[in-house]
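As they're listed, the protein sequences go chains L and H. The opening position of the first sequence corresponds to residue 1 in my numbering, with each subsequent residue numbered one higher. The opening position of the second sequence corresponds to residue 1 in my numbering, with each subsequent residue numbered one higher. We put the beta carbon where it would ideally sit given N, CA and C, even for glycine. Notes for the one structure printed next.
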Amino acid sequence: DGGITQSPKYLFRKEGQNVTLSCEQNLNHDAMYWYRQDPGQGLRLIYYSQIVNDFQKGDIAEGYSVSREKKESFPLTVTSAQKNPTAFYLCASSIAGDGGEQFFGPGTRLTVL
Amino acid sequence: QKEVEQDPGPLSVPEGAIVSLNCTYSNSAFQYFMWYRQYSRKGPELLMYTYSSGNKEDGRFTAQVDKSSKYISLFIRDSQPSDSATYLCAMSLSGGYNKLIFGAGTRLAVHP
């Protein structure tokens, strides 16, 4: 089955720790995205990548980092510089270019202890 | 002012009712319009996708886009308890990298 997988489903982080969220897709999509969702708010774009070895900051990139070494994979690292990291993180992918429908993974719930 | 406004609800309706969900937006350059359904603690699922103005129908779902009023709607006919979820509108520009701007989502509850 084609789709997007995210792991882990739940993640707990202590203050001062970096954590990495995994996102893998087998849809052969060129573009991948990371969003953050907070209660009562829409999804906000953290980073996006349209092609391997290239990525750009979204609206709320501070405290996050990404890499895109393979077409299928787009991991997100939440660093200790992110002051309020507790949220639901969603990865998405689409074909490149205008209007490509974005398909989402199941999400990772990150909680800071 | 947010680029996309969506009433958060909650909206509670009896089974079988017609549901109307709406979003307004401020940027007249938006060209692509989407509706996603999100169940609790799950990723959003794409329901409807339209380009520019007009209507699109898929089963019990109808999406409408009125660009002159900067207003989009999703209608659900014969609503079912399984339709209970949060519905997110999203839109994007052309000539860009496909960045989606989301509404905050409307929580819908369909009771038997």
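- For N22/H, the beta-bridge partners assigned by DSSP are S73/H.
- If you check the CB distance, T62/H and K56/H come in under 9 Å.
- A direct Cα-to-Cα measurement between T20/L and L76/L gives close to 6 Å.
- Against chain L, the CB of G16/H has no partner CB under 9 Å away; the residue lies outside that interface.
- In this structure, DSSP gives D58/H an extended state, which the three-state scheme calls strand.
- Only those residues of the segment 47-64 of chain H whose C-beta falls short of 9 Å from the nearest C-beta of chain L are listed: Y49 and Y51.
- At least one C-beta of chain H is nearer than 9 Å to the C-beta of A31/L.
- Scanning G100/L, Y33/L and N18/L for the CA closest to the CA of E24/L turns up Y33/L.
- The Cβ of A96/L sits closer than 9 Å to at least one Cβ of chain H.
- In the structure shown, the three-state DSSP call for S53/H is coil.
- By the criterion of at least three beta-carbon pairs nearer than 8 Å, the segment 71-90 of chain L is not in contact with the segment 64-79 of chain H.
- Three or more beta-carbon pairs drawn from the segment 28-48 of chain L and the segment 89-107 of chain H are found closer than 8 Å, and the two stretches are therefore classed as touching.
- Excluding sequence positions up to five before and after F104/L, its CB lies within less than 6 Å of the CB of L90 and A92, all in the same chain and listed in chain order.
- The Cβ of Q1/H sits no closer than 9 Å to any Cβ of chain L.
- Not a single CB atom of chain L sits nearer than 9 Å to the CB of V110/H.
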